[in-house]
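Numbers 1440 to 1558, taken from my numbering, label the letters of the sequence shown in order. Heads up, the beta-carbon is just placed ideally off N, CA and C, and yes, glycines get one too. In this text, all values refer to a predicted model and were calculated from it rather than measured experimentally.
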Amino acid sequence: MPITWRDRITPTAVGLVSRAWVIAEVERAADRAGITDAATRARLVDALVGYEPPRAHGIRNNAIVWIGLIGGAMLAGAIGLPAWTGFVAALIGFLLIARELAVRALRWRLGQLLAERRA
């Protein structure tokens, strides 16, 4: 499946991961699994793009993020930097963690879909 510029800017249901990443990951996994059918690969891409992992602990996670963001701002202010730099640094850190978790969830789901196909 060719990756277009639209795929690079189209997010998946989990966010923070583009459709282009999903296409590339499905291509790699399908090559390893020996799947050559383009229709099957397209179905895998569509299944992953629409997949949302179950959500849990929303209030706890929200509190952790806000405490981290405010704490980063306070820490930056305490060492003499503008407070917004600590806030932005903490935000970037949390976004990196969230993206890694989204990638892991999508890879896990792709493994499940491939296992279902083999069975």
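Please look up how many angstroms separate the CB atoms of residue i and residue j, rounded, as I've assumed it's under 8 Å.
i	j	result
Ala1512	Leu1455	Not quite, the Cβ-Cβ distance comes to about 23 Å (not below 8 Å), so this is no contact.
Met1440	Glu1466	7 Å
Looking only at its own chain, which residues have a Cβ that is under 6 Å from the Cβ of residue i, when we skip the five neighbours before and after it?
i	result
Ala1469	Arg1480
Ala1522	Ala1512, Ala1515, Gly1516
How many Å lie between residue i and residue j at the Cα?
i	j	result
Ala1472	Ala1544	19 Å
Gly1516	Ala1528	13 Å
Val1484	Leu1534	24 Å
Ile1509	Glu1491	29 Å
Val1453	Ala1459	14 Å
Asn1500	Phe1526	17 Å
Trp1505	Thr1443	36 Å
Ile1518	Glu1539	30 Å
Would you say residue i and residue j are within 8 Å of each other, going by their C-beta atoms?
i	j	result
Asp1446	Ile1462	yes
Ala1621	Leu1552	Because the chain in this structure spans residues 1440 to 1558, residue 1621 falls outside the shown range and cannot be described.
Thr1524	Val1488	no
Ignore the nearest five residues each way along the sequence and tell me which others in residue i's own chain have a CB closer than 7 Å to its CB.
i	result
Thr1449	Ser1457, Arg1458
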